[in-house]
Amino acid sequence: MDASSAAGQAQLFEYIINSNQTGVCVFDAVRDAAGTFLDFRFSYVNPAGAAIMGKHPEKLIGVSYRTYFSQAESSGLLAFYRTVLESGQPARLLEVPYFADGIRGWFDINVVKYQDAVVVSFVDISVLKRTQISERKQATFFNQLLQTTPNAVIAYEAIRQPTTDGTPGEIVDFKAVFFNPKYERLFGTPAATIQGQTFRARFDAEDKSLFDYYKGVVERGESFQRERYYNVINKWLLLLGEKLYDGFLLIINDITEQKETQLDQQQLTNALQTANQELLRSNENLQQFAYVASHDLQEPLRKIQQFGDLLKARTAGASEEAVDYLERMQSAAGRMSTLIKDLLSYARISTRQDENQPVPLAQVVGNVLDDLQVSIAEAQATVQVDELPTVTGDAMQLGQLFQNLIGNALKFRRADTALHIRVQCRLVAAAAIPGTVRIARQPTAYYQIDVIDNGIGFEEKYLDRIFQVFQRLHSRREFSGTGIGLAICEKVVANHGGAITAASQLNHGTTFSVYLPA
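Under the numbering used here, the letters of the sequence shown match residues 2 to 519, in that order.
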């Protein structure tokens with residue numbers, strides 16, 4: 002083909018038009034006999050244009066514009082093409098939507114006059130347009146989200162030192178490119194002030210290291226999270242952010258209330274630790290005092306009892322009154338010795354740390370019954386022990402617990418009735434424990450261990466007194482004792498995270514209920 006000849010140029014032109022992805026149509030003017038414009042009709046359409054309209058080019062030649070395009074008038078395109086035809090001035094339309102006649106999309110249209118016709122070239126920009134619409138929707142969504150989020154949000158863009166070779170210069174500052182209303186309210190700064198200030202002008206006065214920190218974030222491209230106290234607004238803030246293009250995005254959460262609570266809790270924890278240390282020292286001092294006091298008090302008592310025994314051995318010819326005085330002295334010394342021993346036991350339990358070892362209660366109660374074998378025989382009592390569980394605790398303390406409870410049952414018995422003691426156990430839910438029982442810990446279940454007797458009982462109006470130190474419901478002439486045994490019981494169960502209570506009726510026996518964590 003000779004491209005220099007007229008025929009060759011025509012072929013070249015046709016090849017270029019037909020192979021182009023841009024749609025091209027030539028619309029000839031349709032006029033009446035008087036030359037008045039009536040319509041356009043297709044006189045040429047290239048393959049790309051026909052493909053956009055979903056037709057073969059041959060099917061379109063000769064078809065009038067109004068016949069093919071149902072929205073010729075309503076879209077304004079017919080009038081637009083006629084204006085170009087009559088004025089002779091080329092014109093352009095951008096992002097023209099057309100959704101009819103098998104065409105669905107957006108187009109950029111160029112129109113030029115050629116003789117008594119117009120040449121219309123059009124590019125399908127639907128993919129680009131849909132992308133733009135999607136991006137605008139996303140931008141609108143995120144903008145609404147940022148406007149309504151409870152967090153303050155601000156985005157900064159780097160200000161760089163100019164360079165002569167086109168490479169990015171050193172970051173010398175940042176400028177705010179976006180912030181939401183929450184940011185304005187948090188810092189109490191109007192939008193105009195934020196927009197007009199650079200990062201360093203705003204924050205260098207408070208902390209110059211902030212700029213270097215965020216500069217490093219942009220250069221390294223790392224996300225970050227940090228807590229910071231801002232003196233200007235007197236608040237603790239949690240800063241979450243990451244690099245965004247040539248800058249960074251900050252999401253700011255006001256954590257002042259949580260931080261103050263945390264600091265208060267830390268202060269309370271420190272105070273509690275200090276108090277615990279003081280309590281430990283106090284307990285150590287108390288235990289040391291108890292041992293010293295026990296020794297210093299027991300020694301004179303032993304001397305009194307020893308000299309009393311010597312005097313008693315030499316009272317063969319003494320009067321009955323002298324013997325009576327001597328026996329009273331010995332009895333008082335014996336009671337004092339017992340009282341000191343009980344006080345020492347109570348002090349040991351009060352200051353002793355919990356032992357967390359498995360303790361089979363059946364074995365504990367069995368050992369107690371062996372120790373009380375003589376007293377049980379003297380009382381002609383029967384003791385029934387049901388199946389008992391294994392608990393976590395201190396075997397020695399639990400032994401003291403049951404020693405005192407069973408010992409009380411043996412002591413406070415009725416003279417006219419054979420004594421019967423029963424130790425039984427059942428598993429109960431925490432909710433089933435009587436409301437009057439106070440428990441330090443709250444596991445889901447407890448062992449309720451009942452020590453039941455048919456002894457003399459007591460009136461329940463004294464229930465709040467029986468677990469107090471030195472509280473007695475009977476005189477020493479009726480029943481011996483120091484009034485410390487049940488106080489020891491309460492201290493033991495408290496050390497094990499449990500509780501103890503009692504139910505009784507005068508002359509109808511007593512039930513002591515012990516609750517230990519299961």
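The beta carbon of each residue, even a glycine, is placed where N, CA and C say it ideally should be. It should be emphasised that the depicted structure is a prediction, and the values quoted were computed from it without experimental measurement.
Helix, strand or coil for residue i, going by three-state DSSP, please let me know.
| i | result |
| --- | --- |
| N508 | coil |
| A4 | For A4, the predicted model reports a pLDDT of 48, less than 50, meaning its position is unreliable; a value from the coordinates is still stated below. Reduced to three states, the DSSP call for A4 is coil. |
| Y246 | coil |
| N90 | Looking at the sequence itself, residue 90 is Gln, so the reference to Asn does not match. DSSP places Q90 in coil when its eight states are reduced to three. |
| N254 | strand |
| V233 | coil |
| G217 | helix |
| Q306 | helix |
| Q358 | strand |
| E460 | coil |
| I489 | helix |
| T393 | strand |
| I467 | coil |
| F100 | strand |
| R67 | helix |
| K176 | strand |
| S338 | helix |
| S320 | coil |
| A314 | helix |
| D208 | coil |
| G106 | strand |
| E328 | helix |
| L517 | strand |
| S476 | No answer about S476 holds up, because its pLDDT of 44 lies below 50 and its placement is not dependable. |
| N111 | strand |
| I501 | strand |
| E285 | helix |
| E300 | helix |
| E223 | coil |
Going straight from the alpha carbon of residue i to that of residue j, what length do you get?
| i | j | result |
| --- | --- | --- |
| V85 | L245 | 47 angstroms |
| F403 | E258 | 51 angstroms |
| A192 | A153 | 13 angstroms |
| L464 | S505 | 9 angstroms |
| E300 | Q331 | 15 angstroms |
| N111 | A159 | 41 angstroms |
| S322 | R329 | The question names Ser, yet the displayed sequence has Glu at residue 322. Going from the Cα of E322 to the Cα of R329 covers about 11 angstroms. |
| A101 | D40 | 19 angstroms |
| G456 | L517 | 25 angstroms |
| D255 | L238 | 5 angstroms |
| S338 | L302 | 7 angstroms |
| V178 | Y215 | 15 angstroms |
| Q72 | M54 | 14 angstroms |
| L420 | G458 | 12 angstroms |
| D417 | P444 | 43 angstroms |
| K130 | Q22 | 17 angstroms |
| G222 | G248 | 9 angstroms |
What first and last residue would you give for the alpha helix (DSSP H) that runs through residue i?
| i | result |
| --- | --- |
| A363 | L362 to D372 |
| A410 | A396 to K412 |
| F188 | P182 to F188 |
| R427 | Run containing R427: none in the alpha helix (DSSP H); it sits in the beta strand (DSSP E), H421 to A430. |
| T418 | Unbroken run through T418: none, as it is neither H nor E. |
| A202 | F200 to F204 |
| E74 | Counting along the chain, E74 falls outside any alpha helix (DSSP H), and DSSP gives it neither H nor E. |
| E59 | P58 to L61 |
Since residue i and residue j should fall inside the 8 angstroms C-beta cutoff, what is the C-beta to C-beta distance between them, to a whole number of angstroms?
| i | j | result |
| --- | --- | --- |
| T393 | Q358 | 7 angstroms |
| I1 | L251 | Any property of residue 1 remains undetermined from this structure, which presents the chain solely from 2 to 519. |
| F468 | A488 | 6 angstroms |
| L411 | S376 | 5 angstroms |
| G400 | N368 | 6 angstroms |
| V1 | V386 | Because the chain in this structure spans residues 2 to 519, residue 1 falls outside the shown range and cannot be described. |
| D451 | T511 | Contact flag wrong, Cβ pair sits at about 10 angstroms. |
| I305 | A276 | Rounded, the Cβ-Cβ distance is 42 angstroms, inconsistent with contact. |
| I107 | V97 | It is Trp, not Ile, that sits at residue 107 in the sequence shown. Confirmed, about 7 angstroms. |
| K183 | T141 | That pair is no contact at about 18 angstroms. |
| A446 | A519 | 4 angstroms |
| A52 | A118 | Actually they are not in contact, since the Cβ atoms of A52 and A118 sit about 22 angstroms apart, beyond 8 angstroms. |
| Q398 | I350 | 6 angstroms |
Taking the beta strand (DSSP E) that residue i belongs to, which residues open and close that run?
| i | result |
| --- | --- |
| F41 | F38 to V46 |
| D454 | A446 to D454 |
| I195 | Counting along the chain, I195 falls outside any beta strand (DSSP E), though it belongs to the alpha helix (DSSP H) covering A192 to G197. |
| R32 | G24 to R32 |
| V384 | T383 to V386 |
Less than 7 angstroms between CB atoms is the rule here; does residue i satisfy it with respect to chain C?
| i | result |
| --- | --- |
| I422 | Of the protein chains in the structure, only one exists, and it is not chain C. |
Inside the region 114-173 only - alpha helix (DSSP H) runs reaching at least 4 residues:
127-149
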